[in-house]
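This report concerns only the one structure given below.
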Amino acid sequence: MKPVLKHNWDLAETEAIKLQQELSKKVTKEDQFPEIHYVAGVDVAYSEQSDLLVAAIVILEAHSLNIVESVIVEDSVQFPYISGLFSFRELPSIVKAFRQIKTFPQLVVCDGQGIAHPRRFGLASHLGVIFDIPTIGCGKTKLLGDFQEPSKERGACSLLMDREEIIGSVLRTQENIKPLFVSVGHRISLETACNWILKLSPRYRLPETTRQADQLVKKVLSKIY
DNA sequence: GCGACAG
DNA sequence: ATCTTGTCGC
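Heads up: the first sequence begins at 37 in our numbering, then just goes up one per residue.
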């Protein structure tokens, strides 16, 4: 699986911002996908010891949530962590990992925001646009916006607002646990995104897909480094 | 000036 | 990402 849209990753900060502004015009915020048979969860970890990024992708069969495929790749760091330019650091390693994937997912759940971003182009939207695939953005913490705390029961949610604009949802995936910041990545509506996250997170704080990827990354890091 | 700032 | 417990203050 490879990107349908390729661009230079070796950019200065101002160029990266300009590219985000251009590519954000391509983001679709409505449901636009075929029947979903497979869902991918992606996560990236950084190893200080080796100064490498480790990207993990887990493919789940959508109705059983069984893992059907997974892959881990290492990649060198090419871009610093800058708030708002997160995708320029992590996405190249994810693209590399997707080259190994044999099972085509119809939906990708990302550990990073979608349009809940200053230029409406977080990592999930960036991934969605360059692969032209539906994506959901998930954040453990907020990047941007105002919200009221959702009530404590699982499934409760409130809207994440930037001024008058709805940019995401603050979703309680488990009772008594901090809510998850869910936003549209690409080719999906906010409502559908939240429904998928609830379907994928019956037991975990994070979507099961990204949690699985997280565990894979940690397993590899503890064994190799 | 001060705080906030995905990982 | 990680550190990390209490009780201050527009």
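Even glycine gets a Cβ: it sits at the ideal position worked out from N, Cα and C.
Values in this document were obtained by computation on a predicted structure and should not be read as measured data.
Does the stretch 219-234 come close enough to the stretch 66-74 to have 3 or more Cβ pairs within less than 8 angstroms? yes
When the Cβ atoms of the stretch 55-63 are set against those of the stretch 155-170, are three or more pairs found closer than 8 angstroms? yes
Tell me whether THR64 sits in a helix, a strand or coil according to DSSP, three-state version. coil
Where ILE233 falls: helix, strand or coil (DSSP): Here ILE233 sits in helix by DSSP.
Could you check how far apart the C-beta atoms of LEU96 and THR245 are, in whole angstroms? I think they sit under 8 angstroms. 6 angstroms
DSSP three-state call for LEU216: helix, strand or coil? In this structure, LEU216 counts as strand in the three-state DSSP scheme.
Considering SER161, what are the terminal residues of the beta strand (DSSP E) in which it resides? Note, SER161: premise wrong, no beta strand (DSSP E); alpha helix (DSSP H) at 159-167.
Taking the alpha-carbon of GLY175 as reference, which of LYS214, GLU201 and GLY164 has the nearest alpha-carbon? The option with the nearest alpha carbon to GLY175 is LYS214.
Span of the beta strand (DSSP E) holding LEU89? 88-97
ILE72 and LEU143 look like a contact to me (Cβ under 8 angstroms); what is the Cβ gap, rounded to whole Å? 5 angstroms
Cutoff 8 angstroms; reference TYR117; Cβ partners in own chain excluding five residues on either side: Here the set comprises ARG125.
With SER129 and LEU89 assumed to form a contact (beta carbons below 8 angstroms), what rounded beta-carbon distance in angstroms separates them? 4 angstroms
Using the beta-carbon count (16 or more within 10 Å), is LEU41 buried or exposed? exposed
What is the rounded straight-line gap between the Cα of LEU257 and the Cα of VAL107? 14 angstroms
I'd like to confirm something about LEU121: is its beta-carbon nearer than 7 angstroms to some heavy atom of the ligand GTP, or not? As far as ligands go, the structure on display features none, and thus does not contain the ligand GTP.
Starting from the C-beta of GLU211, find all residues in its chain whose C-beta is less than 7 angstroms away, skip the five residues before and the five after it, and write them out in chain order. Same-chain partners within the cutoff: LYS188, GLU189 and ARG190.
Status (buried if at least 16 other CB within 10 Å, exposed otherwise) for THR171: buried
Buried or exposed by the 16-neighbour rule on C-beta atoms within 10 Å, applied to ARG247: buried
With distances taken between CB atoms, is the gap from GLY173 to CYS146 smaller than 8 angstroms? A Cβ-Cβ contact shorter than 8 angstroms links GLY173 with CYS146.
Out of ALA91, LYS255, LYS235 and ILE202, which has the shortest C-alpha to C-alpha gap to VAL75? LYS235
Take the Cβ of GLN184 as the centre, count every other Cβ of all protein chains shown within 10 Å, and call the residue buried at 16 or more, exposed below. exposed
Simplified DSSP state of VAL113, which is helix, strand or coil: coil
Straight-line CA distance for SER161 to ALA152? 10 angstroms
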